[in-house]
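Just below is one structure, and these are the notes that go with it.
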């Protein structure tokens, strides 16, 4: 079976469990999955400990219990222990992504990468999110990034589509028009 | 043999007609006349019997030879005339053929010359057209390059100017205007 399919199955199981406790828990589990996957990627020792065949599954489960016992619900810790028990700890990142995709689908939410010429303040962030939500007719989760190269304006990426309202693009269009005389 | 001997005896006889002493150049001796006639007759007879047929045969042979020669000459003349006529005909035919060949060669040469001229003219036209096209292309290229440089300079200057003058509020307005247009245009603004 493909790893994506396996990851999706785990993600669906986690979502099913979280959904029983309400949307707050669904979001919380998503954040926890992101945090665990990020931690495994950031610290090689965690990945080695989880992957090593010399560390027994019981020890791995105990380590997870000790590390997350105070931070995450017991149900979430048990989920991670089940993943490790089945030797699927290498799929943590994919499971986190699939879980996020399922949550987005459930909440009718899209992720938008927003590029501005400088870091936005909270008010601008809020305004941009509202405008994007109105434009796409969905809940939008924006990920902001600053890039001086766009000169001004905004570039929004949703999925594989890019909405370029930057001054850089406008100048490029102007340049093309001036060259071709269109 | 007898007449001959008789004539000789008569000639030597002193009392003969010739011996009268009065015989002159104009005197007529009857005996001599007779004898002369006899001798002539005998000579004629002998000649008629022995020499005449030979002479006649020789003359006739010669006549025949002459006739043959004349016939041969006539035939030769006819042949010569025929040959001359044939020769003239052949010469005329050869001349006509030569004239025709010359005319044909002239026509071919004329055609060839015309074709070469046309080809040369066409090549010249092609070269001229190509040269014009290249000149036009180079001109267009130069103009485009110049325009590109001017536009790039203008865009770079505009970019610097915008960077220097675009403050946070102006940028915020720009962002919001675009998002409003995005909202109005839906996904049409995407690329």
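Chains as they are written, first to last, in the working numbering: chain A, 1 to 182; chain B, 1001 to 1191.
Ideal Cβ placement from N, Cα and C applies to all residues, glycine included.
Chain-ordered neighbours of residue i on chain A, where CB pairs are closer than 8 Å
i, result
"residue 1174 of chain B", "152, 153, 154, 165 and 167"
Residue burial classification, residue i (beta-carbon count within 10 angstroms, cutoff 16)
i, result
"residue 70 of chain A", "exposed"
"residue 79 of chain A", "buried"
"residue 1188 of chain B", "Unreliable placement is indicated for residue 1188 of chain B, whose pLDDT of 46 sits below 50; the coordinate value is still reported in the next sentence. Label assigned to residue 1188 of chain B: exposed."
"residue 1046 of chain B", "exposed"
"residue 1102 of chain B", "exposed"
"residue 1165 of chain B", "exposed"
"residue 1037 of chain B", "exposed"
"residue 1020 of chain B", "In this predicted model, residue 1020 of chain B has a pLDDT of only 46, less than 50, meaning its place in the structure is not dependable enough to derive any value."
"residue 1061 of chain B", "exposed"
"residue 1069 of chain B", "exposed"
"residue 1124 of chain B", "exposed"
"residue 1064 of chain B", "exposed"
"residue 1127 of chain B", "exposed"
"residue 131 of chain A", "buried"
"residue 1053 of chain B", "exposed"
"residue 1173 of chain B", "exposed"
"residue 1135 of chain B", "exposed"
"residue 1131 of chain B", "exposed"
"residue 173 of chain A", "exposed"
"residue 33 of chain A", "buried"
"residue 1051 of chain B", "exposed"
"residue 1034 of chain B", "exposed"
"residue 1138 of chain B", "exposed"
"residue 1088 of chain B", "exposed"
"residue 89 of chain A", "buried"
"residue 128 of chain A", "buried"
Same chain, Cβ closer than 6 Å to residue i, five either side skipped, listed in chain order
i, result
"residue 153 of chain A", "165, 166 and 167"
"residue 143 of chain A", "113"
"residue 10 of chain A", "95"
"residue 72 of chain A", "32"
"residue 155 of chain A", "115, 164 and 166"
"residue 40 of chain A", "46, 47 and 92"
"residue 147 of chain A", "115"
"residue 1147 of chain B", "none"
Where the beta strand (DSSP E) through residue i begins and ends
i, result
"residue 157 of chain A", "153-158"
"residue 164 of chain A", "161-166"
"residue 59 of chain A", "Not the beta strand (DSSP E): residue 59 of chain A falls in the alpha helix (DSSP H), residues 57-68."
"residue 139 of chain A", "139-146"
"residue 114 of chain A", "109-116"
Amino acids of chain B, ordered along the chain, whose beta-carbon sits closer than 8 Å to that of residue i
i, result
"residue 135 of chain A", "1179, 1182, 1183 and 1186"
"residue 124 of chain A", "1172 and 1175"
"residue 107 of chain A", "Within 8 Å Cβ-Cβ: nothing; residue 107 of chain A doesn't reach chain B, min ~20 Å."
"residue 141 of chain A", "Residues of chain B passing the Cβ test: none, with the nearest at roughly 16 Å."
"residue 131 of chain A", "1176, 1179, 1180, 1182 and 1183"
Cross-chain neighbours of residue i in chain A, by beta carbon under 7 Å
i, result
"residue 1166 of chain B", "152"
"residue 1158 of chain B", "171"
"residue 1108 of chain B", "Going along chain A, no residue has its Cβ under 7 Å from residue 1108 of chain B, so there is no contact; the nearest lies around 57 Å."
"residue 1163 of chain B", "151"
Same chain, Cβ closer than 8 Å to residue i, neighbours up to 5 away in sequence not counted
i, result
"residue 1152 of chain B", "none"
"residue 86 of chain A", "none"
"residue 109 of chain A", "103, 138, 139, 140 and 141"
"residue 1176 of chain B", "none"
"residue 1140 of chain B", "none"
"residue 1044 of chain B", "none"
"residue 151 of chain A", "117, 166, 167, 168 and 171"
"residue 1067 of chain B", "none"
"residue 1093 of chain B", "none"
Limits of the alpha helix (DSSP H) - the one that residue i falls within
i, result
"residue 1173 of chain B", "1168-1185"
"residue 50 of chain A", "44-51"
"residue 1041 of chain B", "1030-1046"
"residue 78 of chain A", "74-85"
"residue 1087 of chain B", "1052-1165"
"residue 184 of chain A", "Because chain A spans 1 through 182 in this model, residue 184 of chain A falls outside it and cannot be assessed."
"residue 17 of chain A", "3-19"
Proximal chain B residues relative to residue i, where beta-carbon distance stays under 7 Å
i, result
"residue 127 of chain A", "1176"
"residue 117 of chain A", "1171"
"residue 179 of chain A", "1147, 1148 and 1151"
"residue 88 of chain A", "Correct list: empty, because the minimum Cβ distance to chain B is about 37 Å."
Close beta carbons around residue i, own chain, < 7 Å, minus the five adjacent residues each side
i, result
"residue 75 of chain A", "17"
"residue 64 of chain A", "77, 80, 81 and 84"
"residue 19 of chain A", "26"
Contacts that residue i makes with chain B (C-beta to C-beta distance below 9 Å)
i, result
"residue 145 of chain A", "Near residue 145 of chain A there are no residues of chain B at all, since even the closest Cβ is about 14 Å away, more than 9 Å."
Neighbour list for residue i in chain D, Cβ cutoff strictly below 7 Å
i, result
"residue 85 of chain A", "Judged by its chain identifiers, the structure shown contains no chain D, and its protein chains are A and B."
Closer than 6 Å: residue i CB and nearest the ligand ATP heavy atom
i, result
"residue 171 of chain A", "By its list of ligands, the structure shown contains no ligand whatsoever, and the ligand ATP lies outside what it can speak to."
Legend entry - chain A contacts from the segment 1131-1148 of chain B (Cβ-Cβ distance under 7 Å): 1147 and 1148
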